[in-house]
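Asks: Can you read through this structure? Questions will come right after.
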């Protein structure tokens, strides 16, 4: 387990602007029902207290090559289904929202504002929250600034919900600059409200969380994803509780009831406490499957062992095959690729054809029914604990969800060399390692307790000798001279010569926006 402790002071959403809270209070009664289908319960993030220390510490455990948080004996990552359920946003039956760009002139014209008087407010690619609030946030805003509008009061009323959603996303979900809103969010919000197809913003939210985690783990000092949403996800998983009769499944607003669900948990209350907690956390002490996440789990594409998410500023890989336990599915050795090789930055120009191809292929993503029990196989546990030796990317073109050949090889050659610890026994499928235990001791972890310096992830000399022969003769493991990294060719990411006409013509702006 590698931890990056050399991180800068990372900027993130730590205090919700009073202006945004006042704005929501002003329009909630009149427009709340109209806004809810597009923001779900995200507006309740306005009342969540940020825990910057926790998120900063979590970044230390983030691994961009696997797109997961890795701890002592397990890994975990936010999933599409979890974010969808936490935020009460639709996912199934919809295609991902695609980014769009706009100019300062187009932005102001879409808001019904006279360009000659207001252009300087949006000519740098962003606009201040206060500027939007003064013109759309109060009931009498139109009367106060009517000389700046070229639209009627009726049209202004229709724009108020769109402008609020744009401002909320720009401040709370995709923060670009403190107190400012990215103008490129406006055409996306307009499409959400008025577009010809049903879209979901969940993949974009998750993509920007992943992007921020990876960038910050490499030394970037600005978290541009939703740290509040990530914080809720973290706490929900790290508070292990036994839910009886699906008591939590019926809670409609997961964010508003978040504090209530965790009220019985004596959680760490400072940075040192959280660091100790995270450093010693094991997989038998977390809540693997959130009780209100159910249905189908999106797992991989036909061409790759991951799913490519369309983000606001780039493409981001997502590898749910590595965290099947979060879906109540038994985790075996997963098929996987080096995720860091898949990250792509738009660099100011949106690749329309590639996005159109990903949107077309979204409905063909392979899925599976979610289960109830979150076990792992002993082969997987061995594979993860010896990650520096065994965890190599899988060959291309293997069907299914599991690297069956590697799992079988581990079971035949290495499983009997593993120390059977309490944490391992409590995570693997029942009775799967009983045949390896000569006699069940009242204290199965006694040997480990005698030598507290022993790291269960380090292979013994016997393992090393066996592994040398294993690695030398196993055709399914990569030569270390290749760095254990598969070569990701362009054909792994489907492209199309002619983008889908219906989708490719509904607002993609091919102009390069230098301010983006």
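Residue numbers (my numbering): 27 to 542.
Quick reminder that beta carbons are idealized off the backbone N, C-alpha and C, glycines included.
1. Closest by CA to residue 357, which one among 390, 367, 340, 403?
2. Residues in the same chain with beta-carbon distance under 8 Å from residue 456, minus the five sequence neighbours each way, listed in chain order, please.
3. Counting only runs that start and end within the segment 388-461, where is the alpha helix (DSSP H) found for 4 or more residues in a row?
4. Can you list, in chain order, the residues of its chain whose CB lies under 7 Å from that of residue 156, leaving out five sequence neighbours each side?
5. Output the boundary residues of the alpha helix (DSSP H) element that contains residue 99.
6. Just the C-alpha distance for residue 32 and residue 253, rounded to the nearest angstrom, thanks.
7. Going by CA-CA distance only, name the one from 84, 134, 382 that's closest to residue 104.
8. Would you list the one or two residues that DSSP bridges to residue 342?
9. Could you compute how far the alpha carbon of residue 410 sits from the alpha carbon of residue 87?
10. So, helix, strand or coil for residue 329, using DSSP?
11. Apart from the five residues on each side of it in sequence, which residues of its chain come closer than 7 Å, Cβ to Cβ, to residue 384?
12. According to DSSP, is residue 160 helix, strand or coil?
13. Here's the rule I'm using: 16 or more other beta-carbon atoms within 10 Å means buried, otherwise exposed. How should residue 289 be labelled?
14. If we ignore side chains and look at the alpha-carbon of each, how far apart do residue 316 and residue 124 end up?
15. Hey, which unbroken runs of the beta strand (DSSP E) at 3 residues or more fall wholly within the segment 248-322?
16. So what does DSSP say about residue 82, is it helix, strand or coil?
17. Since residue 189 and residue 137 are thought to touch, with beta carbons under 8 Å apart, how far apart are those beta carbons, to the nearest angstrom?
18. Go ahead and label residue 107 buried or exposed: buried means 16 or more other beta carbons lie within 10 angstroms of its beta carbon, across all protein chains shown.
19. Assess, as a yes-or-no matter, whether the segment 191-204 is touched by the segment 57-74 under the definition of 3 or more beta carbon pairs within less than 8 Å.
20. So what does residue 371 bridge to, in DSSP terms?
21. Could you name the residues of the same chain whose beta carbon sits closer than 8 Å to that of residue 37, not counting the 5 residues immediately before and after it, in chain order?
22. Tell me whether residue 42 sits in a helix, a strand or coil according to DSSP, three-state version.
23. Would you tell me roughly how many angstroms separate the C-alpha atoms of residue 224 and residue 230, rounded to the nearest one?
24. If you follow the beta strand (DSSP E) that residue 35 is in, where does it begin and where does it stop?
25. How is residue 363 classed by DSSP in three states: helix, strand or coil?
26. Kindly indicate which three-state DSSP category residue 208 falls into: helix, strand or coil?
27. Go to residue 180, then tell me how far its alpha helix (DSSP H) extends in each direction, as first and last residue.
28. Is the Cβ-Cβ distance between residue 344 and residue 417 less than 9 Å?
29. Touching or not, the segment 428-439 and the segment 381-398, by the rule of three or more beta carbon pairs under 8 Å?
30. The alpha helix (DSSP H) with residue 153 in it runs from where to where?
31. Can you tell me which residues form a DSSP beta bridge with residue 89?
32. Please determine if the segment 320-327 and the segment 338-352 are in contact, where contact requires at least 3 C-beta pairs separated by less than 8 Å.
33. By how many angstroms is the C-alpha of residue 268 removed from the C-alpha of residue 262?
34. Rounded to whole angstroms, how far is the Cβ of residue 281 from the Cβ of residue 112, which I believe are closer than 8 Å?
35. Using the Cβ count rule (16 or more neighbours within 10 Å means buried), how would you classify residue 131?
36. According to DSSP, is residue 229 part of a helix, a strand, or is it coil?
Replies: This is what the structure holds:
1. Working through the chain shown from its first residue, we reach residue 357 at position 331. Answer by Cα proximity: 403.
2. The count along the chain shown starts at 1 and reaches residue 456 at position 430. Excluding residues within five positions, the ones whose Cβ falls inside 8 Å are 401.
3. Within the segment 388-461, the alpha helix (DSSP H) runs of at least 4 residues that lie entirely inside it are, in chain order, 404-411, 413-416, 430-439, 448-451.
4. Here residue 156 refers to the residue found at position 130 of the chain shown. Once the five neighbours on either side are set aside, the close Cβ partners of residue 156 are 45.
5. The residue given as residue 99 occupies position 73 in the chain shown. Note, residue 99: premise wrong, no alpha helix (DSSP H); not H, not E.
6. Indexing the chain shown from 1 puts residue 32 at position 6. Indexing the chain shown from 1 puts residue 253 at position 227. Going from the Cα of residue 32 to the Cα of residue 253 covers about 20 Å.
7. The residue labelled residue 104 in the question sits at position 78 within the chain shown. Among 84, 134, 382, the Cα nearest to that of residue 104 belongs to 84.
8. Taking the chain shown and counting its residues from 1, the one referred to as residue 342 is at position 316. Secondary-structure assignment with DSSP links residue 342 through a beta bridge to 335.
9. Locating residue 410 in the chain shown gives position 384, where the first residue counts as 1. Locating residue 87 in the chain shown gives position 61, where the first residue counts as 1. Note on geometry: alpha-carbon atoms of residue 410 and residue 87 lie some 15 Å from one another.
10. For the purposes of this step, residue 329 is identified with residue 303 of the chain shown, where counting begins at 1. In the three-state reduction of the DSSP assignment, residue 329 falls in the coil class.
11. As a working note, residue 384 is residue 358 in the chain shown. So the qualifying residues of the chain are 334, 336.
12. As a working mapping, residue 160 is identified with position 134 in the chain shown. Three-state DSSP puts residue 160 in a helix.
13. The residue labelled residue 289 in the question sits at position 263 within the chain shown. By the neighbour-count rule (16 or more Cβ atoms within 10 Å), residue 289 is not buried but exposed.
14. Position 290 of the chain shown, counting from 1, holds the residue named residue 316. Position 98 of the chain shown, counting from 1, holds the residue named residue 124. Cα-Cα distance, rounded: 28 Å.
15. none
16. Here the question's residue 82 lines up with position 56 in the chain shown. The answer is helix: DSSP assigns residue 82 an H, G or I state.
17. To locate residue 189, count along the chain shown from 1; it is residue 163. To locate residue 137, count along the chain shown from 1; it is residue 111. Rounded, the Cβ-Cβ distance is 7 Å, consistent with contact.
18. Locating residue 107 in the chain shown gives position 81, counting from the first residue. Buried: at least 16 other Cβ atoms inside 10 Å.
19. Using a C-beta cut-off of 8 Å, the segment 57-74 makes contact with the segment 191-204, since at least three inter-stretch Cβ pairs fall below that distance.
20. As a working mapping, residue 371 is identified with position 345 in the chain shown. Under DSSP, the beta-bridge partners assigned to residue 371 are 340.
21. The residue labelled residue 37 in the question sits at position 11 within the chain shown. Correct list, in chain order: 204, 247, 248, 249.
22. Reading the chain shown from its first residue, position 16 is the one you call residue 42. Of the three classes helix, strand and coil, the one that applies to residue 42 here is coil, per DSSP.
23. Translated into positions along the chain shown, residue 224 becomes position 198. Translated into positions along the chain shown, residue 230 becomes position 204. The alpha-carbon atoms of residue 224 and residue 230 are separated by roughly 15 Å.
24. Looking up residue 35 in the chain shown gives position 9. First-last for residue 35: undefined, no H or E at that position.
25. Sequence index remark: in the chain shown, residue 363 carries index 337 (1-based). Residue 363 falls in the coil class under three-state DSSP.
26. Within the chain shown, numbered from 1, the residue matching residue 208 stands at position 182. Strand.
27. Numbered from its first residue, the chain shown carries residue 180 at position 154. Element bounds for residue 180: 179-194.
28. Along the chain shown, read from residue 1 onward, the residue named residue 344 stands at position 318. Along the chain shown, read from residue 1 onward, the residue named residue 417 stands at position 391. Contact annotation: residue 344 and residue 417 have beta-carbon atoms that are not nearer than 9 Å.
29. no
30. Here the question's residue 153 lines up with position 127 in the chain shown. Taken as a continuous stretch (DSSP letters only), residue 153 belongs to no alpha helix (DSSP H), being part of the beta strand (DSSP E) at 152-154.
31. Stepping through the chain shown from its first residue, residue 89 is reached at position 63. Residue 89 is bridged to 94.
32. yes
33. As a working note, residue 262 is residue 236 in the chain shown. As a working note, residue 268 is residue 242 in the chain shown. Approximately 13 Å between the Cα atoms of the pair.
34. By one-based count along the chain shown, residue 281 stands at place 255. By one-based count along the chain shown, residue 112 stands at place 86. 7 Å between Cβ atoms; contact.
35. For the purposes of this step, residue 131 is taken as residue 105 along the chain shown, with counting starting at 1. That one is exposed.
36. Translated into positions along the chain shown, residue 229 becomes position 203. DSSP places residue 229 in the helix class (H, G or I) of the three-state scheme.
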